[in-house]
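First up is the structure itself, then whatever we jot down about it.
Residue numbers (UniProt numbering): 1 to 187.
Below is the structure:
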């Protein structure tokens, strides 16, 4: 029987994560975060909220992202959030969340569906070329859906000079290209 020597590849199809520094901007591929969607089932919103509060899991309001004791979260639609946790301890993130929410919520593994890129440096000049975010009002802790180069993405402002961009894994190359080209234009 033949043995296989499979190697995990990043969303950009690389053995090692892409990290590019262009002038003051760095675009870094990230793979150490587990991601799951959490949707409260109809009529179970209060149960989900109480279970999350008891477990130390934030369920932020629209347009916001928060970090909690167990994991971080950002709002994606009414009664729905993406939950983020360290991959090293939450590889099967759904198995960690299911006991907390039981049948009150639908929880779906999302880790491999999304490419995650962290952008650090002066964000204003870069993102004004990429999308319609008003970074003057999009302060740290903000999260929203936007479009970058025709790719539907989530943008989460982590700090004044740090943004996480999540885009479909199938579009990782296009998203990475858009970010690095914009970084070169402001360098």
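The C-beta atom is built at its ideal place from N, Cα and C for all residues, glycine as well.
Whether residue i touches residue j by CB criterion (8 Å)
i	j	result
residue 148	residue 65	no
residue 173	residue 25	no
residue 104	residue 48	yes
residue 160	residue 140	yes
residue 201	residue 163	Shown here, the chain extends from 1 to 187; a query on residue 201 therefore has no answer.
Residue range of the beta strand (DSSP E) that includes residue i
i	result
residue 151	151-159
residue 86	80-86
residue 116	114-120
residue 33	33-40
residue 66	65-67
Integer Cβ distance of residue i from residue j, believed to fall under 8 Å
i	j	result
residue 84	residue 165	14 Å between Cβ atoms; not a contact.
residue 27	residue 183	6 Å
residue 74	residue 60	6 Å
residue 93	residue 36	4 Å
residue 168	residue 114	7 Å
residue 223	residue 178	Outside the shown range of the chain, which is 1 to 187, sits residue 223, and nothing can be said about it.
residue 106	residue 39	5 Å
residue 22	residue 180	6 Å
Residue i: CB within 7 Å of a non-hydrogen atom of the ligand HEM
i	result
residue 122	The ligand HEM is not among the ligands present in this structure, which contains no ligands whatsoever.
Unbroken alpha helix (DSSP H) run spanning residue i, endpoints
i	result
residue 15	It is not in any alpha helix (DSSP H) - residue 15 carries neither H nor E in the DSSP assignment.
residue 186	172-186
residue 49	45-55
residue 95	93-101
residue 128	123-130
Local Cβ density within 10 Å of residue i, reported as buried at 16 or more and exposed below that
i	result
residue 16	exposed
residue 133	buried
residue 116	buried
residue 29	buried
residue 175	buried
residue 150	exposed
residue 72	buried
residue 111	buried
residue 95	exposed
residue 51	buried
residue 4	exposed
request  = Would you be able to state if there are at least three C-beta pairs under 8 Å between the segment 98-105 and the segment 51-65?
outcome  = Verdict: yes, contact present.
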